[in-house]
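To keep things clear, I will list the structure first and then write my remarks on it.
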């Protein structure tokens, strides 16, 4: 059973701080990893994807992947109240039989 | 990023009626689309995988005769909730698979359809 695990939170950080969101996955065959942001009552919005070990930066967001530890993280620098949302981690595999498993999400609150 | 639309964004219907939801990939072709359902304060639940030109693959526990999926073109998939009942009230979200380099594909989500069955 392929699984993606996230701490449900809530994770509360003050405005301007770094928010660190973590995710582990069970299937070593997973090839690509995604972070989605979902505001209450809205559908998920893709923030970042990462395929290779190491860090990938995009603006205030940095995704980190460690395939040996089967661990993915998302860092949000200079957190803003507008970053308050649920963050979904997802792992995917198989170009032909493309399949994605989503974590249950971590709720983030950024306090003004 | 790629754009996926859904229509309608919300719908209210009477119990026993059928409701059709459309999912379109606007700026790319999607051989595969996915249909999810999400109840309040719960995580996404994959209902089915829709492949263009073939039958959909349903997840365990999802009734294929109740949730009819048609993927007639590379840009359109439809989900029809037949004989809807109040327990079918939920947020239905589609996503479309966009092909990436080296076989690394990405899912982009539509804005969702909120269904309320009275």
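Protein chains in written order, with our numbering: chain A, 54 to 165; chain B, 17 to 134.
Beta carbons are placed, not taken as given, at the ideal position from N, Cα and C, and that holds for glycine.
Given the structure is predicted, the values throughout are model-derived calculations rather than measurements.
Can you name the residues that DSSP bridges to residue i?
i	result
residue 23 (chain B)	B:38
residue 13 (chain A)	No answer is possible for residue 13 (chain A): it lies beyond the span of chain A, which begins at 54 and ends at 165.
residue 73 (chain B)	B:65
residue 60 (chain B)	Its beta-bridge partners do not exist; DSSP assigns none.
residue 152 (chain B)	Here chain B covers residues 17 to 134 and nothing more, so residue 152 (chain B) does not appear.
residue 33 (chain B)	None, per the DSSP bridge assignment.
residue 75 (chain A)	A:126
residue 143 (chain A)	A:87 and A:155
residue 113 (chain B)	B:123
Could you spell out where the beta strand (DSSP E) holding residue i opens and where it closes?
i	result
residue 85 (chain B)	83-89
residue 157 (chain A)	Neither: residue 157 (chain A) is in no beta strand (DSSP E) and is coded neither H nor E.
residue 121 (chain A)	No beta strand (DSSP E) contains residue 121 (chain A), which DSSP labels as neither H nor E.
residue 54 (chain B)	48-54
residue 95 (chain B)	92-97
residue 120 (chain B)	Note, residue 120 (chain B): premise wrong, no beta strand (DSSP E); not H, not E.
residue 133 (chain B)	129-133
residue 90 (chain A)	85-91
residue 78 (chain B)	Counting along the chain, residue 78 (chain B) falls outside any beta strand (DSSP E), and DSSP gives it neither H nor E.
residue 54 (chain A)	Unbroken run through residue 54 (chain A): none, as it is neither H nor E.
residue 98 (chain A)	98-103
residue 137 (chain A)	Neither: residue 137 (chain A) is in no beta strand (DSSP E) and is coded neither H nor E.
Since residue i meets chain B, which of its residues come closer than 9 Å, beta carbon to beta carbon?
i	result
residue 158 (chain A)	59 and 60
residue 87 (chain A)	122 and 123
Kindly list the residues whose CB is nearer than 8 Å to the CB of residue i, restricted to its own chain and excluding five residues on each side of it in sequence; keep chain order.
i	result
residue 137 (chain A)	161, 162 and 163
Report the neighbours of residue i on chain B: residues whose CB is nearer than 8 Å to its CB, in chain order.
i	result
residue 95 (chain A)	127 and 128
Cα-Cα, which of the options is closest to residue i?
i	options	result
residue 57 (chain B)	A:146, A:139 and A:155	A:139
residue 70 (chain B)	B:78, B:59, B:49 and B:99	B:49
residue 157 (chain A)	B:59, B:23 and B:25	B:59
residue 81 (chain A)	A:106, A:67 and A:116	A:106
residue 100 (chain A)	A:146, A:121, A:128 and A:119	A:128
residue 79 (chain B)	B:122, B:125, B:95 and B:29	B:95
residue 108 (chain B)	B:125, B:114 and B:81	B:125
residue 130 (chain B)	B:122, B:114 and B:110	B:110
Below 7 Å on C-beta distance, what does residue i contact in chain A?
i	result
residue 124 (chain B)	99
Just the chain A side, please: which residues come within less than 9 Å of residue i by C-beta, in chain order?
i	result
residue 109 (chain B)	96 and 97
Spatial neighbours of residue i within its chain, please: CB distance less than 6 Å, with the 5 preceding and 5 following residues excluded, ordered by chain position.
i	result
residue 41 (chain B)	20, 91 and 112
residue 72 (chain B)	64, 66 and 85
residue 78 (chain A)	57, 123 and 144
residue 93 (chain B)	39, 49, 66 and 87
residue 155 (chain A)	141 and 143
residue 46 (chain A)	Shown here, chain A extends from 54 to 165; a query on residue 46 (chain A) therefore has no answer.
Cβ closer than 7 Å: which chain B residues qualify as neighbours of residue i?
i	result
residue 153 (chain A)	123
residue 102 (chain A)	122
Considering only residues of the same chain and omitting the five flanking positions on each side of residue i, which have a CB-CB separation below 7 Å?
i	result
residue 131 (chain A)	69 and 113
residue 65 (chain A)	162 and 164
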